[in-house]
Amino acid sequence: MVRVYLELSTLISLANPLDLFHTQTRNFMDEMRTFGFEAVSYRQAVEMDLAIGLTRRPLRVGDALRILEVMDAYEIKLLSLNSRDLLLLVNEYLRETSLKFGDLLHYAGATLLNADYLSSWNTDDFNERTEESINNVNVRRGLKTIKVGTRLKLRQSINGSKTHSPVFVRNLMISSINLEGLLVPNSCLNSCLNSRG
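For the sequence shown, the numbering used here assigns the number 120 to the initial residue and increments by one for each residue that follows.
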């Protein structure tokens, strides 16, 4: 099964109907369900993000509650990890990149939760350049590499097709995976979509 890690910007977009990316994010989540992809996030990172957001006031209590509600509605799994393993990995990432600790928690969470893809609208911190640095560490440690980017790329590919048959979508996505920098690694698409028809 393809596992997609959702960073906080995705959850905020999903929960706020006035957010610029709300519709795209909602449609993306519906498409993930259609293809049987699993949506996950790291419990402690999400809780920390929400607490910081409430303290610094960019989030209101109602916003935080809506985020938790949409996580339930879309069956986004909040999973926990061993803190020691996570912190060791974050510290190693800190030597490779200048990102903030909180962002690196999401990268480490996605890696240790065996996500195939880390999804975020925050392209300043979640991008191909940082993906390369993170994956360098992951390869050295024998961990799974992850693909990082926005949901819009996958949505554009799926919406560009006239039919939504799994085989057609798989072929479309595989043929453009290197050009478009799509969400899901080729091997994951093959195993997931071949099992569906």
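Virtual Cβ for every residue (Gly too), placed ideally from N, Cα, C. Only a predicted model underlies this, so the values are computations on that prediction, with no experimental measurement involved.
Could you spell out the range, first to last residue, of the alpha helix (DSSP H) harbouring residue i?
i      : result
Ser238 : Element bounds for Ser238: not the alpha helix (DSSP H) but the beta strand (DSSP E), 236-238.
Asp138 : Segment: none, Asp138 is in no alpha helix (DSSP H) and carries neither H nor E.
Leu231 : 220-231
Just mark residue i as buried or exposed, buried being the case when its beta carbon has 16 or more other beta carbons within 10 Å.
i      : result
Ser284 : Annotation note: pLDDT 39 at Ser284 (below 50); position unreliable, coordinate value reported separately. So Ser284 counts as exposed.
Ser160 : buried
Glu250 : buried
Leu139 : exposed
Lys196 : exposed
Ser310 : Confidence at Ser310 is low in this model, with a pLDDT of 42, below 50, so the placement of that residue should be treated as unreliable; the coordinate-derived value is given next. Ser310 should be labelled exposed.
Asn405 : There is simply no residue 405 to check, as the chain begins at 120 and stops at 316 in what is shown.
Ile171 : exposed
Phe154 : buried
Gly268 : buried
Ser294 : Low local confidence applies: a pLDDT of 32 at Ser294 is under 50, so the model's placement there is unreliable, with the coordinate-based value given in what follows. Looking at its Cβ environment, which holds fewer than 16 other Cβ atoms inside 10 Å, Ser294 is exposed.
Glu126 : buried
Ser202 : exposed
Mind checking which residues open and close the beta strand (DSSP E) that includes residue i?
i      : result
Val123 : 122-125
Tyr193 : It is not in any beta strand (DSSP E) - Tyr193 carries neither H nor E in the DSSP assignment.
Can you name the residues that DSSP bridges to residue i?
i      : result
Gly261 : Paired residues: none, contrary to the question.
Leu200 : Note: Leu200 sits in no beta bridge, so no partner.
Lys266 : Tyr236
Ala158 : Val123
Whose C-beta lies closer than 6 Å to the C-beta of residue i among residues of the same chain, with five residues either side of it excluded?
i      : result
Glu157 : Met120, Arg122
Asp345 : This structure gives no information on residue 345, because the portion of the chain shown stretches from 120 to 316.
Leu130 : Ile186
Leu169 : Ala183
Please go through the same chain and pick out, in chain order, the residues whose beta-carbon is closer than 7 Å to the beta-carbon of residue i, but skip the five residues on each side of it.
i      : result
Leu231 : Leu200, Asp204, Leu205, Leu208
Asn233 : Arg122, Lys263
Phe114 : The structure shown has nothing for residue 114, since the chain only spans 120 to 316.
Ser132 : Asp138, Phe140, His141, Thr144, Trp240
Val256 : Glu211, Tyr212, Glu215
Ala229 : Tyr124, Leu237, Ile265
Between residue i and the rest of its own chain, which residues show a CB-CB distance below 8 Å, the 5 nearest in sequence each way excluded?
i      : result
Asn135 : His141, Asp182, Arg185
Val258 : Thr264
Asn246 : Val267, Gly268
Would you verify that the beta carbon of residue i is, or is not, closer than 8 Å to some beta carbon of chain B?
i      : result
Met148 : No chain B appears in the structure shown, which is made up of a single protein chain.
Counting Cβ pairs, one atom from each stretch, are 3 or more of them under 8 Å apart for the segment 211-225 and the segment 234-251? Touching, yes, given that three or more Cβ pairs across the two stretches are closer than 8 Å.
Any 3 or more C-beta pairs closer than 8 Å across the segment 173-184 and the segment 207-218: Judged by Cβ distances under 8 Å, the segment 173-184 makes no contact with the segment 207-218, as fewer than three pairs qualify.
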